[in-house]
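Residue numbers (the working numbering), protein chains in the order written: chain A, 959 to 1560; chain B, 316 to 508.
Even for Gly, the Cβ is constructed at its ideal location relative to N, Cα and C.
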Amino acid sequence: MADATPSLKQTLKKTKIWKSIFRHDFADTPRTRLVRIFGNVFLHLHPVRIAKDAIRIPYTWGLGGLSFYLFLVLTVTGILLMFYYRPASVLAYQDMKDLSFVVTLGQLLRNMHRWAAHLMVIVVILHMVRVFLTGAYKPPREYNWVVGILLLVMTLFLSYTGYLLPWDQLALWAVTVGAQMAAASPLLGNEGPFRLPFITAANDARFGLIGGTVINDATLIRFYVLHCIAVPFLFTIFLCVHLWRVRKDSFSKQTGEKVDVWPHLVSREFLAALLVTVILFVWSLVMNAPLEAEANLNVTPNPSKAPWYFLGLQELLVYFDPWIAGVVLPTLIVIGLMAIPYVDVNPKGVGAWPKMRWKRAGPLPVWYPEERPFAVSVFMLGTILWFALITIGTYCRGPNWEWYWPWEPWSYRRLTKLTLKNLPNLWGGLVLGSYFLLGTPVPKQAKEWLTSKAGPKAPVLVSAALHMGLGIVIAAATFIPLLVSPDADYPLRSRYTTLFETLGRSTNSPVVSTMYQLVQQFGAAGYALIAAGIGVIGLALGGLGMAFGKFKDTLYETLGPIKYAIVMGLLLMMVGVLGKILLRLLFGIKYLISLPAFNFNI
Amino acid sequence: MEPQSATHPPASSVQPPAPLGGRQADLWRKLEERFGRRDFLLKSGWAFFWVFLGGWLLSNLRYLFPNVLYEPTLAFKAGKPEDYPFGISEKWKKTQRTWVVRTQDGFYCFWARCTHLGCTPNWFDAEGRFKCPCHGSNFNQNGDVIAGPAPNPLWRCAITLADDGQLFIDKARLENRPGLREQGEFFLPFESA
Chain A
959 MADATPSLKQ TLKKTKIWKS IFRHDFADTP RTRLVRIFGN VFLHLHPVRI
1009 AKDAIRIPYT WGLGGLSFYL FLVLTVTGIL LMFYYRPASV LAYQDMKDLS
1059 FVVTLGQLLR NMHRWAAHLM VIVVILHMVR VFLTGAYKPP REYNWVVGIL
1109 LLVMTLFLSY TGYLLPWDQL ALWAVTVGAQ MAAASPLLGN EGPFRLPFIT
1159 AANDARFGLI GGTVINDATL IRFYVLHCIA VPFLFTIFLC VHLWRVRKDS
1209 FSKQTGEKVD VWPHLVSREF LAALLVTVIL FVWSLVMNAP LEAEANLNVT
1259 PNPSKAPWYF LGLQELLVYF DPWIAGVVLP TLIVIGLMAI PYVDVNPKGV
1309 GAWPKMRWKR AGPLPVWYPE ERPFAVSVFM LGTILWFALI TIGTYCRGPN
1359 WEWYWPWEPW SYRRLTKLTL KNLPNLWGGL VLGSYFLLGT PVPKQAKEWL
1409 TSKAGPKAPV LVSAALHMGL GIVIAAATFI PLLVSPDADY PLRSRYTTLF
1459 ETLGRSTNSP VVSTMYQLVQ QFGAAGYALI AAGIGVIGLA LGGLGMAFGK
1509 FKDTLYETLG PIKYAIVMGL LLMMVGVLGK ILLRLLFGIK YLISLPAFNF
1559 NI
Chain B
316 MEPQSATHPP ASSVQPPAPL GGRQADLWRK LEERFGRRDF LLKSGWAFFW
366 VFLGGWLLSN LRYLFPNVLY EPTLAFKAGK PEDYPFGISE KWKKTQRTWV
416 VRTQDGFYCF WARCTHLGCT PNWFDAEGRF KCPCHGSNFN QNGDVIAGPA
466 PNPLWRCAIT LADDGQLFID KARLENRPGL REQGEFFLPF ESA
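So this is what it looks like as structure tokens:
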């Protein structure tokens, strides 16, 4: 001891009180590094030592930890907001105004709560993408991936329930649409298909969700409790399981020497949290959380847009019947995500980002994930597709939910441009059936049987015939109804004398208009061109199926029939959604199959 | 074969009837293993536990469905019929969420709620269409879907004449099936003078 008289701090450290709180000294010795972690309730979920490569920032980008941190920020700001907010329809909106204009720092807290929620959705999604791409869901971590998906769903549900609370127009109509999807659910929804006989508007799934037949005080208090207590409670339970299992299932990255978690990981976490806090503060200072006019149950804003993370779903709802787009597809997406670790039998690619390599596929250079080409491509396609839907909903939809390019000015009185029509069910069924049949493999046994019956070339020929045939059927069944029955909805009006007249009265979609122009300009040659076009599209579709023919067969042999059916079914549905969007926007086809009696419109 | 074999659980005190063939004895033992007294009590105990738990959870689900609703009444008086011009009247849209339509023959009334996901459409006079702002459904003057994802025509409300000569509109009674929606309480014949 150099000092003759101990400093205040040193004296303090010797008191009984200090020693009762802090059980160890703070010297940077190997022992205190360990004691800091396992002696501290807040830190003890960490391991004491960890592989150096696992905490390199470009491996995880800290996304899981940041999701947790944002949950904490949301909890704290949410608790503070609760001191002023009263969940009653006559008070809620006024309280929001008070928070914005008369409560000191109210606006800042509200902004932080809103922006942290948006950030949490982004970060949770990115965390999922990271875990997928680094293969961190593979055995033994399958179950934790499932818990993670549940947490993602709960994050979105928290956003959804929180959305109603400001009781403004934005809130009310987003929740109206969301709640109405519950009414469209099969069996249990008043307006859904296969409705059970005792289900009415006063006891269906929607009624249970909003606590009445219209959104009012009962809904507000219900969503308030869900948002502030019920869902956070469940979320915390699953979060505990999630974090616990991260430890118990061991980390996906085990390479590199082991380093002490204190200070190496703890300091990184601290810095990441600081960085996000700074971003949140700046964001909240420069941008106010939106607050529209007070909720009016009778008037819908035009256009009425959900928050960005639900805009993909809102856009999806345009293309299918509500129970399909609002209930079946989201359920399939969630189940499909949960199924990933159980259908992905490829053990490669754990603990590292995919190794990308340039490769030639025919004439095209392809950026190619070497170890898990199929898994990575499909997952990224799905993610990109979802964000593409969000982009369309955000930037390409204007008043009356009509298509406006981002650079086009909105006009509330613009005439509705695109006319749509249904394909007759038979043709639509052909399109849909052939499309899903494109996913069938030719298993080994079938190939052997074919070879034994008709020589060594038979399997290839059969596969070619199958795929090309299906491609041609899809193309022909899409075009022929457009050419010959212009008004499937009103068959009596469709007795036109010539094919040309028919085409002219068909939809005004880009493809049909182009065909009309072709015929007008070139006469019979135009028809020939159309026929050639149909052939080319059909052959291209068939060729695409055939190009993957060999791959499909190998996939079938690796996965077996059940896993193959799940994987291929989900993949075809995912791509099919894209196909349906193109059919709607380019061909003016409303539904492929429409059975109004069963609310089945697809 | 003796019925009391080595694998027989000592817990069971039930004696099987004495002379039995091999297969029968086997069956008896299996039955006893499955439905022995201890086992029976244990299983029924657990069964009661799960039934109670399940019933309790389900009853809590029922608890979430209120019995009394504090919602605004769905019926209202909409003034004298002769005061309405021909065509679609937006007079009640902001307060009652309805459009009153007067034709040469009489009145009908739309509930201004899209049959797709429940937003309020807007009336565009120049095009003669109702257009929904949420997912782009379009309806014509009869309420039939002409574009967008809506699965059904717009709902029509019951419209009758009250004793004091005013229109009486009830949004609790709805109809949208062609043929049924143009008659009965869903259409009010009214001769134009």
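In this structure the segment 1512 to 1525 of chain A lies against the segment 1396 to 1412 of chain A, because at least three pairs of beta carbons, one per stretch, are closer than 8 Å. Bounds of any beta strand (DSSP E) do not take in A/Leu-1428; it lies within the alpha helix (DSSP H) bounded by 1416 to 1442. At a Cβ-Cβ threshold of 8 Å, B/Arg-471 and B/Phe-401 do not count as neighbours. Setting aside the 5 residues that flank it on each side, B/Gly-451 is surrounded in the same chain by Ala-462, Gly-463, Pro-464, each with a C-beta closer than 8 Å to its C-beta; the list follows chain order.
Identification of residues in the segment 436 to 457 of chain B having a C-beta nearer than 9 Å to some C-beta of chain A yields Pro-436, Asn-437, Phe-439, Ala-441, Glu-442, Arg-444, Lys-446, Cys-447, Pro-448, Cys-449, His-450, Gly-451, Ser-452, Asn-453, given in sequence order. Contacts with chain B at 8 Å (Cβ-Cβ) include A/Trp-1131. At a cut-off of 8 Å between C-beta atoms, A/Phe-1165 counts as an interface residue with respect to chain B.
Straight across, the Cα-Cα distance linking A/Pro-988 with A/Phe-1193 is about 36 Å. Fewer than three beta-carbon pairs drawn from the segment 1210 to 1217 of chain A and the segment 1045 to 1052 of chain A are found closer than 8 Å, and the two stretches are therefore not classed as touching. One finds Trp-1131, Thr-1134, Val-1135, Thr-1258, Ser-1262 in chain A with Cβ atoms closer than 8 Å to the Cβ of B/Cys-434, taken in chain order. For A/Met-1314, there is no enclosing alpha helix (DSSP H); the residue is found in the beta strand (DSSP E) stretching over 1314 to 1319. Using a Cβ distance threshold of 8 Å, A/Pro-1144 and A/Pro-1155 do not count as a contacting pair.
It is roughly 35 Å from the alpha-carbon of A/Gly-1270 to the alpha-carbon of B/Val-415. For A/Thr-1352, the enclosing alpha helix (DSSP H) covers residues 1331 to 1353. In this structure, DSSP gives B/Phe-505 a state outside helix and strand, which the three-state scheme calls coil. The alpha-carbon separation between A/Pro-1323 and A/Arg-1315 amounts to approximately 10 Å.
Spanning the alpha carbons of A/Met-1112 and B/Ala-340 requires a straight line of approximately 56 Å. Per the coordinates, the alpha-carbon of A/Met-1078 lies some 10 Å from the alpha-carbon of A/Leu-1114. Under the three-state reduction of DSSP, B/Gly-421 is assigned to strand. Among the residues facing chain A, B/Leu-368 is not included, as its CB has no counterpart in that chain under 8 Å away.
For A/Asp-1175, the residues of chain B that pass the 9 Å Cβ criterion are Tyr-385, in the order they occur in the chain. The beta-carbon of B/Leu-373 is placed no less than 8 Å from the nearest beta-carbon of chain A. For B/Asn-491, same chain residues with a beta-carbon under 8 Å away, outside a window of 5 residues either side, are Thr-430, Gly-458, Asn-467, Pro-468, Leu-469, Trp-470, Arg-471 in chain order. Distance from the CA of A/Pro-1519 to the CA of A/Asn-1358, rounded to the nearest whole angstrom, comes to 45 Å.
Those residues of the segment 409 to 426 of chain B placed with their C-beta closer than 8 Å to a C-beta in chain A are Lys-409, Thr-410, Gln-411, Arg-412, ordered along the chain.
Taking a Cβ-Cβ threshold of 9 Å, the residues of chain B close to A/Thr-1377 are Ile-461, Ala-462, in chain order. When DSSP assignments are scanned along the segment 1181 to 1245 of chain A, the uninterrupted stretches of alpha helix (DSSP H) that are 4 or more residues long and fall wholly within it turn out to be 1189 to 1206, 1219 to 1244. Our two residues, A/Ala-1433 and A/Met-1296, have alpha carbons roughly 34 Å apart in a direct line. The Cβ atoms of B/Ala-473 and B/Phe-501 lie closer than 8 Å to each other.
With fewer than three CB-CB distances shorter than 8 Å, the segment 1401 to 1421 of chain A does not count as touching the segment 1366 to 1384 of chain A. Counted as a single uninterrupted DSSP element, the stretch harbouring A/Pro-1401 is not any alpha helix (DSSP H), since DSSP gives it neither H nor E.
Considered as a whole, the segment 1050 to 1113 of chain A harbours 1050 to 1059, 1064 to 1091 as its complete alpha helix (DSSP H) runs of no fewer than 4 residues, in chain order.
Listed by position along chain B, the residues whose Cβ is nearer than 7 Å to that of A/Glu-1360 are Gly-451. Taking all protein chains shown into account, B/Glu-347 has 16 or more neighbouring C-beta atoms within 10 Å of its C-beta and is therefore buried.
Boundaries of the beta strand (DSSP E) harbouring A/Leu-1322: 1322 to 1327, taken from the DSSP string. Apart from the 5 residues on each side of it in sequence, A/Thr-1035 sits with its Cβ closer than 6 Å to the Cβ of Leu-1067, Met-1070, His-1071 in its chain, given in chain order.
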